[in-house]
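Novice:
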Amino acid sequence: MPEPMSVVETARVLRDGRTTSLELVAAAIERADRFGGRLGTFVQRRDDEALFEAERADADREAGRVRGPLHGIPLGVRDLLGTSTAVARLRAAGAIVLGATTAMEFTIGLPDPGRPTAVPRNPWNPATWAGGGGSGTANGVAAGIFPAGVGADGAAGIRMPAAFCGVTGLRPTSGRVPSPVDAGDGRPLDHIGPVARTAEDCALMLSVMAGYDAADHRCADRAVPDYPALLTGQLDGVRVGVDPLLRIGGDLADPALPLRFGSALDVLAAAGAVIVDVELPFVRELYAADMLTLAAEALAHHAPDLTTRWEEFGQVGRTAFTTGAFYTAADFVRAQGVRRTGQRAVNTLLDKVDLVVTPTATVGAPRVDTLDTPGFMAVFRSAVHTPYWSAVGNPTLSVPIGFGDGGLPLGMQISGRPFDEATVLRAGEAYQRRAEWHGEVPDMRGKLARIPAAA
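Take a look at the structure:
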């Protein structure tokens, strides 16, 4: 079984004739058979279709018909995103979709043991959770089932699974990538982005996924840069603001986090960055505004079905969707005011620095058997720092920075100005040229034996 490769490496070996799309898809299916069931990676696989598309991709390549930069490369796509414009663009560029990866019920909340969908588990320790809505995509990348995939992020759905599973994930600027209104809850904060091994992979995928779509009223009509061409490996003169956020849940932080985060800053400095201490404004307020907005929008979207089909929802889904009923219209309006105030304050800060880095979370992945305990959400509110950037809508990338005391991955967020994904990705790629954490692959031999395979 070949070692997992990045998207860029996969494209290179295909171009050089050292492998074929059929071999890649067959290897992906083999790894999915071996690991995917117990990891809960997929809710639906399309093995036969993927093999057929791989044969066709090989024939097209042989005939000189290369469809795009992803020609013949297998990907995983988060459930409910398969018909999105972004995924259609990836397929038009040659990508082969292996299947729909696991999300939470309607992409919100926590895993529900009472539902038939498998709980997405972390390849580094299958007793722990893979993360949020994009957990099947992230654990599939980490396990080497596919080199990259697609997720969506309204609070944590790309970046938290990426951090927990030790891979790389980008939430683009709100409006940079088309997002279908029927993807999950139709939430205005939820935006599609790539999950991959490297920032370079994310740059390549974003160059395909981004761009105006008249069918999406939230999509910005802005030119799409050639993101891969802007990856210089250097950060000379780039001012990087640093906020460790240990004042928020610092007592919960993994003991290894200060060392890992500090070492990551040293790597950025070695690439030429100027490190500046900053303090992010309105951290607690923006977290609360993001959560309130998500809850209210989810209730609005699902209210008719909650009324008539209550028994068909899982317990976790019922709780997540009905949370919005505790808020008034005035609460929602105030939350949007907090978001606008936060956006102005963050972008004022970004007039002084080019980027801001924080931990993605101050902890590694939680154990699956703790997710339904009363204290879990309190830990989440204090330890996970992804909702902040969803609330303001700026681009933000999570990259792995090493392992905590318990052997689980930790991540760092790199965030920038609206529509400046180029600088965010340049910083991530410059970091990964000098750090090797993104190349680590979990050894799953024997770890999955006690986890039942999904039905």
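Under my numbering, the letters of the sequence shown match residues 4 to 458, in that order. No residue lacks a Cβ here, since even glycine has one placed at the ideal position from N, Cα and C. Note that the structure is a prediction, hence the values are computed from the model and not measured.
Please state whether the Cβ-Cβ distance between residue 195 and residue 180 is less than 8 Å.
Specialist: Position 192 of the sequence shown, counting from 1, holds the residue named residue 195. Position 177 of the sequence shown, counting from 1, holds the residue named residue 180. A contact, by the Cβ cut-off of 8 Å.
Novice: Do you know offhand how far residue 383's Cα is from residue 363's?
Specialist: Stepping through the sequence shown from its first residue, residue 383 is reached at position 380. Stepping through the sequence shown from its first residue, residue 363 is reached at position 360. Taking the straight line joining both Cα atoms gives about 12 Å.
Novice: Measure the alpha-carbon distance for residue 136 versus residue 83 and round it to whole angstroms.
Specialist: Residue 136 sits at position 133 when you count from the first residue of the sequence shown. Residue 83 sits at position 80 when you count from the first residue of the sequence shown. Computed Cα separation, rounded: 11 Å.
Novice: Going along the chain, which unbroken runs of the beta strand (DSSP E) with 3 or more residues stay wholly within the region 188-228?
Specialist: Here the runs fully enclosed are 194-199.
Novice: Let me know the alpha helix (DSSP H) ranges lying completely inside the region 26-97, each 4 residues or longer, listed in chain order.
Specialist: Counting only runs of 4 or more, we get 50-65, 88-95.
Novice: Count Cβ pairs between the region 395-414 and the region 435-442 that sit closer than 8 Å; are there 3 or more?
Specialist: Yes, they touch.
Novice: Could you give the DSSP three-state label for residue 105: helix, strand or coil?
Specialist: As a first step, residue 105 must be located in the sequence shown, where it is residue number 102. Correct three-state label for residue 105: coil.
Novice: Does residue 21 get closer than 8 Å to chain B when you measure Cβ to Cβ?
Specialist: Protein chains in the displayed structure number just one, and chain B is not present.
Novice: Give the C-beta separation of residue 426 and residue 358 to the nearest angstrom, bearing in mind that I take them to be a contact with Cβ-Cβ under 8 Å.
Specialist: On the sequence shown, residue 426 is found 423 positions in, with the first residue counted as 1. On the sequence shown, residue 358 is found 355 positions in, with the first residue counted as 1. Yes, they are in contact, since the Cβ atoms of residue 426 and residue 358 sit about 6 Å apart, within 8 Å.
Novice: Would DSSP call residue 316 helix, strand or coil?
Specialist: The residue labelled residue 316 in the question sits at position 313 within the sequence shown. Reduced to three states, the DSSP call for residue 316 is coil.
Novice: Measure how close the beta-carbons of residue 103 and residue 85 come, nearest whole angstrom, since I'm counting them as under 8 Å.
Specialist: Taking the sequence shown and counting its residues from 1, the one referred to as residue 103 is at position 100. Taking the sequence shown and counting its residues from 1, the one referred to as residue 85 is at position 82. Right, their Cβ atoms sit about 6 Å apart.
Novice: Would you grab the beta carbon distance between residue 212 and residue 343 for me? Rounded to a whole angstrom, and I think it's under 8 Å.
Specialist: Here residue 212 is taken as the residue at index 209 of the sequence shown, counted from 1. Here residue 343 is taken as the residue at index 340 of the sequence shown, counted from 1. No, residue 212 and residue 343 are not in contact; Cβ-Cβ is about 27 Å, not under 8 Å.
Novice: Taking its Cβ as the centre, do 16 or more other Cβ atoms sit within 10 Å of residue 447, making it buried, or is it exposed?
Specialist: As a first step, residue 447 must be located in the sequence shown, where it is residue number 444. The residue in question, residue 447, is buried, as its Cβ has 16 or more Cβ neighbours within 10 Å.
Novice: Is the region 284-294 in contact with the region 387-398, if contact means three or more CB pairs nearer than 8 Å?
Specialist: Yes, the region 284-294 touches the region 387-398.
Novice: Considering only C-alpha positions, which residue in the set 339, 408, 303 is nearest to residue 290?
Specialist: Position 287 of the sequence shown, counting from 1, holds the residue named residue 290. Residue 339 is the option with its Cα nearest to residue 290.
Novice: Rounded to whole angstroms, what's the CA-CA distance from residue 124 to residue 139? Just pull it up for me.
Specialist: Indexing the sequence shown from 1 puts residue 124 at position 121. Indexing the sequence shown from 1 puts residue 139 at position 136. Rounded to whole angstroms, residue 124 to residue 139 spans 8 Å at the Cα level.
Novice: Alpha carbon to alpha carbon, how far is residue 231 from residue 205? Give it in angstroms, no decimals.
Specialist: Translated into positions along the sequence shown, residue 205 becomes position 202. Translated into positions along the sequence shown, residue 231 becomes position 228. In a straight line, the C-alpha of residue 205 is about 9 Å away from that of residue 231.
Novice: Terminal residues of the continuous alpha helix (DSSP H) containing residue 297?
Specialist: Counting from 1 along the sequence shown, the entry for residue 297 is found at position 294. 286-311 is the span of the alpha helix (DSSP H), which, as asked, contains residue 297.
Novice: Would you check if the distance between the CB atom of residue 459 and the CB atom of residue 147 is smaller than 8 Å?
Specialist: No information on residue 459 is available, as it lies outside the stretch 4 to 458 that the chain covers here.
Novice: Cα separation between residue 36 and residue 121?
Specialist: Here residue 36 refers to the residue found at position 33 when the sequence shown is read from its first residue. Here residue 121 refers to the residue found at position 118 when the sequence shown is read from its first residue. Roughly 15 Å separates the two Cα atoms.
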